[in-house]
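Asks: Chains as they are written, first to last, in this note's numbering: chain A, 1 to 337; chain B, 1001 to 1253.
Cβ coordinates follow ideal geometry from the N, Cα and C atoms, glycine included.
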């Protein structure tokens, strides 16, 4: 690790911490309402969802339209786990329960990812899209009809463990992990498949294994996102995880820029906060939202950030020295929310 | 001198079409062999069979006494044979150095947790990989382009980058599919020098498909001539030049 990287890390850590402090104080002193605190939590969850989808849609370049299903699996299994834990040990510390049940949800979603990815990743493009849509519907209808987990009424009584701090820091951790994945040899292998699968195989990349790995990691993090969601809402409505929800996540990723992590973060913020801010213009809300998407696609079809990453270190360096500083790696992180 | 790559009676059929018939090949560990023939003769099919893209209908392929037919292409690469493509297949949206690093992946020894949590091992291995790949680019005079996206490189550089990428997986046998296609005479002669150089430097056996006769005759020690999937001649460039079958295949009766 050279000094430049260290400085960039430190800078990002400080920025992440500052943003956290700012939001916490604003809510403590009632400048922002508790309702807005909830919007921030939802934004964090959507960020996790968009980032995890970006592994498959952006890095691997595949059209996966069933991301809500993995979220549902994570939500249900983690919710079930924490209900069980809370019944057995009512005094268990909230954070530990949240982390443990999130891991359970994530692993379950990851296993589902292997099960779905192994056969269906032989398909490409729209064909894979259709398989994943089908999978998403199967999962939703399964949970609607599976009475031990609440059936059509949904799973109730999940302890509401997700608060602003937990959601924020778990999101930061997920951002960090997905970013480090992107700049490792695994990230390069995944991206090489997006660029040219035949050449990737001819360069010694075991493409099938790498694809399934990417799909699994993506669904693991989707499971974590689902867990946070379940513990924020306190109950799970199976109808939440409809096809349109998957599309919503896909829109976030495309709008932010396929393959750009900071782009996903930015667009998760915009697309979660914008509809909330527009609540005042109730009947024009969807109109403005859709119009924003159409305008975006006309003038910037590659997404807000395209495939580039926003880097705080880079920004500050350019502002102070007016020269290009960063040479190595195409993805470099600038996390802030 | 023992043969590093051998093909014994390899036949490749697609349905009723026999693309390659009873193809035999034996390359020594430091030889440069050319594979020529008119369009559609089956040269690229042979490359695809050798590298595991197709499984041969009959016959066997041995790489250093290991039977490799039926293996996946990435397994063949791991055993020490890599290739370039006739129509350039680079990772276009990735940088030059990343293109090389991807092929170097098998020599980077860390596991997923190391990468995710950025352990010391991750930094050491990444640093080593970067140094090695940079060295490889410098051999091709492309060190200055390390951060350029592959799609933005000039054509000749793209060809060179593909060779550099093929070399990054440390092959013992290198298969070059028309490396001089689309190059002007000056670029071609530069390429010939590069091929000579990498042969000495990396101690490689090279199998080369090429249409540029001046280049083929200039650098190959042996030639194999294909026509309609059949081997019609094999021997030194001088023999091939005089061979009546070859003249007929190229010029007609």
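(1) Going along the chain, which residues of the segment 167 to 197 of chain A sit with their C-beta nearer than 7 Å to a C-beta in chain B?
(2) Return the chain-ordered list of same chain residues with a C-beta closer than 7 Å to the C-beta of residue 296 (chain A), the five sequence neighbours on each side being excluded.
(3) Within 10 angstroms of its Cβ, does residue 196 (chain A) collect 16 or more other Cβ (buried), or is it exposed?
(4) Please name the residues in the segment 292 to 309 of chain A whose beta-carbon is closer than 7 Å to at least one beta-carbon of chain B, in chain order.
(5) Runs of 4 residues minimum, wholly inside the segment 182 to 217 of chain A: which ones carry the alpha helix (DSSP H) assignment?
(6) Measure how close the beta-carbons of residue 41 (chain A) and residue 221 (chain A) come, nearest whole angstrom, since I'm counting them as under 8 Å.
(7) Quick one: what's got a C-beta closer than 7 Å to residue 210 (chain A)'s C-beta in the same chain, skipping five residues either side?
(8) Tell me whether residue 80 (chain A) is buried or exposed, calling it buried when 16 or more other Cβ atoms sit within 10 Å of its Cβ.
(9) Taking only runs that begin and end inside the segment 214 to 253 of chain A, name each unbroken alpha helix (DSSP H) of 4 or more residues, in chain order.
(10) Rounded to the nearest angstrom, what separates residue 294 (chain A) and residue 301 (chain A) at their Cα positions?
(11) Residue 1171 (chain B) and residue 1057 (chain B) look like a contact to me (Cβ under 8 Å); what is the Cβ gap, rounded to whole Å?
(12) Since residue 1224 (chain B) is in the alpha helix (DSSP H), which residue starts that stretch and which ends it?
(13) Using 10 angstroms around the beta-carbon of residue 1144 (chain B), count the other beta-carbons present and answer buried if the total reaches 16, otherwise exposed.
(14) Quick check: the Cα distance between residue 105 (chain A) and residue 288 (chain A), rounded to an integer number of angstroms?
(15) Can you list, in chain order, the residues of its chain with a C-beta nearer than 7 Å to that of residue 1110 (chain B)? Leave out the 5 residues immediately preceding and following it.
(16) Which class does residue 1011 (chain B) belong to by DSSP, given the choice of helix, strand or coil?
(17) Just to make sure I have the definition right: I need the residues of chain B whose C-beta is within less than 9 Å of the C-beta of residue 256 (chain A). Which are they?
(18) Name, please, each residue of chain E whose Cβ falls closer than 7 Å to the Cβ of residue 1160 (chain B).
(19) Out of A:251, A:164, A:139, which has the shortest C-alpha to C-alpha gap to residue 34 (chain A)?
(20) Just by C-beta distance, which residues in the segment 1090 to 1105 of chain B are closer than 9 Å to chain A?
(21) Using a 10 Å radius around the Cβ and a threshold of 16 neighbouring Cβ atoms, would you call residue 1091 (chain B) buried or exposed?
(22) Checking contacts by CB at 8 Å: is residue 1044 (chain B) closer than that to chain A?
(23) Take the Cβ of residue 329 (chain A) as the centre, count every other Cβ of all protein chains shown within 10 Å, and call the residue buried at 16 or more, exposed below.
(24) Rounded to a whole number of angstroms, what is the C-alpha to C-alpha distance between residue 168 (chain A) and residue 146 (chain A)?
(25) Evaluate residue 1052 (chain B) with the Cβ neighbour count: other Cβ atoms within 10 Å of its Cβ, from every protein chain shown; 16 or more gives buried, anything less gives exposed.
(26) Give the residues of chain A in contact with residue 1050 (chain B), contact being defined as C-beta atoms less than 7 Å apart.
(27) Below 7 Å on C-beta distance, what does residue 204 (chain A) contact in chain B?
(28) Which residues does DSSP list as the beta-bridge partners of residue 1083 (chain B)?
(29) Identify the continuous beta strand (DSSP E) that holds residue 1019 (chain B) and give its terminal residues.
(30) What are the boundary residues of the beta strand (DSSP E) that includes residue 976 (chain B)?
(31) Quick check on the burial criterion: 16 or more other C-beta atoms within 10 angstroms. Buried or exposed for residue 1162 (chain B)?
(32) Whole angstroms are fine: how far does the CA of residue 67 (chain A) sit from the CA of residue 56 (chain A)?
(33) Quick one: what does DSSP say residue 1161 (chain B) is sitting in, helix, strand or coil?
(34) Taking CB distances under 8 Å as the criterion, tell me whether residue 62 (chain A) reaches chain B.
(35) Based on DSSP bridge pairs, tell me the residues matched to residue 1205 (chain B).
(36) Taking contact to mean at least 3 C-beta pairs separated by less than 8 Å, is the segment 1228 to 1247 of chain B in contact with the segment 1064 to 1084 of chain B?
Replies: On the basis of the supplied data:
(1) 177, 180, 181, 184, 185, 186, 188, 189, 191, 192, 195, 196
(2) For the purposes of this step, residue 296 (chain A) is identified with residue 296 of the first chain, where counting begins at 1. Excluding positions up to five away in sequence, the list reads 255.
(3) Along the first chain, read from residue 1 onward, the residue named residue 196 (chain A) stands at position 196. Answer is buried; the Cβ neighbour count reaches 16.
(4) With the criterion set as a beta carbon lying under 7 Å from some beta carbon of chain B, the members of the segment 292 to 309 of chain A are 307, in sequence order.
(5) 185 to 195, 197 to 202
(6) One-based indexing of the first chain puts residue 41 (chain A) at position 41. One-based indexing of the first chain puts residue 221 (chain A) at position 221. Not a contact, Cβ separation roughly 17 Å.
(7) In the first chain, the residue the question calls residue 210 (chain A) occupies position 210. Residues 189, 190, 193 of the same chain have their beta carbon placed closer than 7 Å to that of residue 210 (chain A), with the five preceding and five following residues left out of the count.
(8) As a first step, residue 80 (chain A) is located in the first chain; it is residue number 80 there, counting from the start. Burial call: buried.
(9) none
(10) Indexing the first chain from 1 puts residue 294 (chain A) at position 294. Indexing the first chain from 1 puts residue 301 (chain A) at position 301. Taking the straight line joining both Cα atoms gives about 10 Å.
(11) Taking the first residue of the second chain as 1, we reach residue 1171 (chain B) at position 171. Taking the first residue of the second chain as 1, we reach residue 1057 (chain B) at position 57. No, residue 1171 (chain B) and residue 1057 (chain B) are not in contact; Cβ-Cβ is about 26 Å, not under 8 Å.
(12) As a first step, residue 1224 (chain B) must be located in the second chain, where it is residue number 224. That residue, residue 1224 (chain B), is in no alpha helix (DSSP H); its beta strand (DSSP E) goes 1222 to 1227.
(13) Indexing the second chain from 1 puts residue 1144 (chain B) at position 144. Looking at its Cβ environment, which holds fewer than 16 other Cβ atoms inside 10 Å, residue 1144 (chain B) is exposed.
(14) Taking the first residue of the first chain as position 1, residue 105 (chain A) is located at position 105. Taking the first residue of the first chain as position 1, residue 288 (chain A) is located at position 288. Computed Cα separation, rounded: 35 Å.
(15) Your numbering for residue 1110 (chain B) matches position 110 in the second chain. If we look at residue 1110 (chain B) and ignore the five residues flanking it on each side, its Cβ neighbours are 1121, 1122, 1125.
(16) Residue numbering aside, residue 1011 (chain B) sits at position 11 when the second chain is read from its first letter. Reduced to three states, the DSSP call for residue 1011 (chain B) is strand.
(17) Counted from its first residue, the first chain places residue 256 (chain A) at position 256. Within 9 Å Cβ-Cβ: nothing; residue 256 (chain A) doesn't reach chain B, min ~17 Å.
(18) Looking for chain E here will not work: the only protein chains present are A and B.
(19) One-based indexing of the first chain puts residue 34 (chain A) at position 34. Nearest neighbour of residue 34 (chain A) by Cα position, chosen from A:251, A:164, A:139, turns out to be A:164.
(20) 1090, 1091, 1092, 1093, 1094, 1095, 1097, 1098, 1099, 1101, 1102, 1103, 1104, 1105
(21) Along the second chain, one-based indexing puts residue 1091 (chain B) at 91. Buried, because 16 or more other Cβ atoms sit within 10 Å of the Cβ of residue 1091 (chain B).
(22) Along the second chain, read from residue 1 onward, the residue named residue 1044 (chain B) stands at position 44. Not closer than 8 Å to any Cβ of chain A, the Cβ of residue 1044 (chain B) fails to qualify, so no.
(23) Here residue 329 (chain A) refers to the residue found at position 329 of the first chain. For residue 329 (chain A), the predicted model reports a pLDDT of 40, less than 50, meaning its position is unreliable; a value from the coordinates is still stated below. The residue in question, residue 329 (chain A), is buried, as its Cβ has 16 or more Cβ neighbours within 10 Å.
(24) The residue you call residue 168 (chain A) lines up with position 168 of the first chain. The residue you call residue 146 (chain A) lines up with position 146 of the first chain. Within the model, the alpha-carbon separation for residue 168 (chain A) versus residue 146 (chain A) is close to 32 Å.
(25) Position 52 of the second chain, counted from the start, is the residue given in the question as residue 1052 (chain B). Buried, by the Cβ-count rule.
(26) Numbered from 1 along the second chain, position 50 holds the residue referred to as residue 1050 (chain B). Going along chain A, no residue has its Cβ under 7 Å from residue 1050 (chain B), so there is no contact; the nearest lies around 12 Å.
(27) Sequence index remark: in the first chain, residue 204 (chain A) carries index 204 (1-based). Ordered by position in chain B, the residues that pass the 7 Å Cβ test against residue 204 (chain A) are 1074, 1077, 1078, 1103, 1105, 1106, 1169.
(28) By one-based count along the second chain, residue 1083 (chain B) stands at place 83. Answer is B:1175.
(29) Working through the second chain from its first residue, we reach residue 1019 (chain B) at position 19. Taken as a continuous stretch (DSSP letters only), the beta strand (DSSP E) holding residue 1019 (chain B) covers 1017 to 1028.
(30) Missing from the structure shown is residue 976 (chain B); chain B here goes from 1001 to 1253 and no further.
(31) The residue given as residue 1162 (chain B) occupies position 162 in the second chain. Burial call: buried.
(32) Position 56 of the first chain, counted from the start, is the residue given in the question as residue 56 (chain A). Position 67 of the first chain, counted from the start, is the residue given in the question as residue 67 (chain A). Those two C-alpha atoms are separated by around 10 Å.
(33) Here residue 1161 (chain B) corresponds to residue number 161 of the second chain, with the count starting at 1. Residue state, collapsed to three classes: helix.
(34) As a working note, residue 62 (chain A) is residue 62 in the first chain. Output row for residue 62 (chain A): interface = no.
(35) As a working mapping, residue 1205 (chain B) is identified with position 205 in the second chain. According to DSSP, residue 1205 (chain B) bridges with B:1173.
(36) no
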